[in-house]
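Protein chains in written order, with my numbering: chain A, 377 to 628; chain B, 34 to 294. Even glycine gets a Cβ: it sits at the ideal position worked out from N, Cα and C. Remember, it's a predicted structure, so these values are computed and weren't measured experimentally. This report concerns only the one structure given below.
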């Protein structure tokens with residue numbers, strides 16, 4: 377465990393050291409590339425500003441993720457139960473994924489406004505795909521012999537769904553959630569770039585215009601922390617929801 | 034150790050026929066298969082691998098429809114044994130997300146009989162097969178032999194008179210298998226179940242069964258029937274056991290040649 381943390385930590389520290397020395401030695405202007413020490417200074421001095429905008433982005437991501445989860449899992453169940461719905465919706469789900477969110481971001485801002493809703497929809501659009509596809513696969517891949525075991529017991533459709541298909545789909549659902557939560561920041565940030573007056577994406581654009589490059593880096597650090605934190609939150613929920621899985625099988 | 038057996042028939046299968054369509058042509062898997070089992074009788078079904086023994090059990094348990102023939106349980110004709118038989122396979126099919134206790138109680142849970150009596154029976158049976166202290170463990174934490182014992186308890190707790198056992202010990206090593214044989218025989222005598230055991234192991238069939246049916250290679254059809262009147266517990270070195278084994282192997286020889294050339 378110590379080695380698992382030690383090696384990347386040493387590499388990171390060395391990288392930061394080289395960066396710091398290079399910037400000082402070559403006298404790179406701060407509006408091109410700030411030194412790590414300068415970024416740390418910004419992190420401390422602009423803390424309240426960064427925290428405020430982080431919460432805005434966090435809210436967009438969480439609400440967007442929740443929306444995608446509810447709609448995605450719900451649609452996957454419906455498609456599983458009614459094959460006609462699968463034939464109808466599945467090509468559309470795939471088609472929707474081929475349209476880059478960047479391309480429709482201006483439209484979404486036009487329809488849903490400058491505030492929270494347009495960012496929520498954007499994050500949800502990105503998160504939705506891995507969740508719906510993985511959940512549907514999970515429901516389908518239940519062991520047919522396990523399903524037959526319940527059929528021999530004269531179990532009804534709902535008992536088979538609830539006692540076999542749902543539990544055996546859980547690892548897939550969580551895979552979808554982990555992929556989804558990792559890309560959810562993309563949706564929120566694009567939404568903020570296209571039109572907003574709050575959030576880390578907005579802050580980065582603003583800092584860029586003001587040539588405050590160290591503030592961009594500081595925002596990026598906050599954004600990374602948000603993404604990693606949310607990812608491990610999903611891993612924690614996964615462990616809680618599937619106590620039968622050894623922790624080594626999860627998260628790595 | 035034998036107990037008196039009635040002349041009634043618990044299960045009878047007559048002239049059952051089953052074909053599957055495969056790449057345009059019909060493949061007959063079961064051809065006029067007939068057998069019967071008296072209440073409390075232990076029937077072995079021997080045949081080469083892949084001869085359609087599992088199809089026979091799928092038809093009996095109602096997972097597959099037969100094409101022709103009749104099935105009767107307690108002298109009443111039925112379409113299949115759906116809801117009347119318990120089925121156990123080589124795969125233990127324990128649900129990884131359930132503890133051993135919740136796994137063995139799957140049947141009562143589905144049928145809505147989670148009475149105190151049933152739960153007490155589950156505890157007693159788990160202790161009986163050596164799973165005491167493992168009731169709250171997940172299947173992945175248990176050895177393959179323990180998992181198979183849990184599967185056996187789950188099968189008994191389905192509370193069906195007829196048990197279909199499809200090579201249940203096929204994946205176990207010789208030592209573990211012999212322990213399972215003893216446990217199975219004890220529980221069979223205690224519960225007076227009618228057992229149909231499919232196996233391709235002649236010794237296993239001889240150790241356990243009252244009667245053995247021999248199936249041919251595909252399409253499966255009845256090749257012969259042997260009554261094993263040896264007292265239990267049986268020993269593989271007993272001269273009568275050895276003679277019977279030779280007799281069966283001779284009968285099967287032709288079938289084995291068909292399969293292995």
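Asked	Found
Residues that residue 77 of chain B bridges to, as DSSP identifies them	B:230, B:245
Coarse secondary structure for residue 102 of chain B, derived from DSSP in three states	strand
Length of the line joining the Cα atoms of residue 440 of chain A and residue 500 of chain A	4 Å
Interface residues of chain B facing residue 573 of chain A [CB-CB closer than 7 Å]	Residues of chain B passing the Cβ test: none, with the nearest at roughly 47 Å.
Chain B contact for residue 513 of chain A (CB, 8 Å cutoff)	no
Limits of the alpha helix (DSSP H) - the one that residue 462 of chain A falls within	459-474
Neighbouring residues, chain A, relative to residue 151 of chain B (Cβ below 8 Å)	Under the 8 Å cutoff, chain A gives no residues; its nearest Cβ is about 14 Å from residue 151 of chain B.
Segment contact, 8 Å Cβ cut-off, at least three pairs: the region 511-518 of chain A with the region 107-115 of chain B	no
Residue 599 of chain A versus residue 561 of chain A - alpha carbon distance	8 Å
Partner residues on chain A for residue 227 of chain B, Cβ-Cβ distance less than 9 Å	Result: empty, since nearest Cβ-Cβ is about 16 Å, beyond 9 Å.
Three-pair Cβ contact test at 8 Å for the region 127-142 of chain B versus the region 95-114 of chain B	no
Which of helix, strand or coil DSSP assigns to residue 111 of chain B	strand
Under the three-state DSSP convention, the category residue 53 of chain B falls into	strand
Interface partners of residue 94 of chain B on chain D, CB under 9 Å	The structure shown has no chain D; the protein chains it does contain are A and B.
Helix, strand or coil at residue 121 of chain B [DSSP, three-state]	strand
Beta-ladder partner(s) of residue 59 of chain B, from DSSP	B:54
Residue range of the unbroken alpha helix (DSSP H) whose run includes residue 210 of chain B	207-224
Backbone CA spacing between residue 628 of chain A and residue 470 of chain A [nearest angstrom]	Caution applies to residue 628 of chain A, whose pLDDT of 38 falls short of 50 and renders its modelled position unreliable; the model cannot decide the point.
Host beta strand (DSSP E) of residue 260 of chain B (start-end)	255-260
Neighbour-count burial assignment, residue 538 of chain A, 16 or more Cβ in a 10 Å radius	exposed
Distance, residue 169 of chain B Cα to residue 156 of chain B Cα	11 Å
Within chain B, partners of residue 531 of chain A - CB distance below 8 Å	143
Which listed residue (B:166, B:185, B:154, B:270) has its alpha carbon closest to that of residue 230 of chain B	B:185
Own chain partners of residue 47 of chain B with C-beta closer than 7 Å, once the 5 adjacent residues on each side are dropped	67, 102, 103
Contact set for residue 345 of chain A: own chain, Cβ-Cβ below 6 Å, skip 5 residues either direction	One cannot answer for residue 345 of chain A here, as it falls past the ends of chain A, which runs 377 to 628.
Beta strand (DSSP E) segments (min. 3 residues) lying fully within the region 544-575 of chain A	none
Residue-chain proximity (residue 123 of chain B, chain A), Cβ-Cβ < 8 Å	no
Where the beta strand (DSSP E) containing residue 198 of chain B begins and where it ends	195-199
Straight-line Cα distance separating residue 74 of chain B from residue 163 of chain B	26 Å
Residue from B:152, B:129, B:79, B:215 whose Cα sits closest to the Cα of residue 278 of chain B	B:79
Residue environment, residue 586 of chain A, which counts as buried when at least 16 other CB atoms sit within 10 Å	exposed
Sequence-distant residues of the same chain with beta carbon closer than 8 Å to residue 154 of chain B, five excluded per side	190
Classification of residue 334 of chain A by the beta-carbon crowding that lies within 10 angstroms, buried from 16 upward	The displayed coordinates of chain A run from 377 to 628. Any statement about residue 334 of chain A would go beyond what the structure contains.
Below-8 Å beta-carbon distance, residue 86 of chain B vs any chain A residue	no
Closer than 7 Å at the beta carbon, the chain A residues around residue 191 of chain B	529
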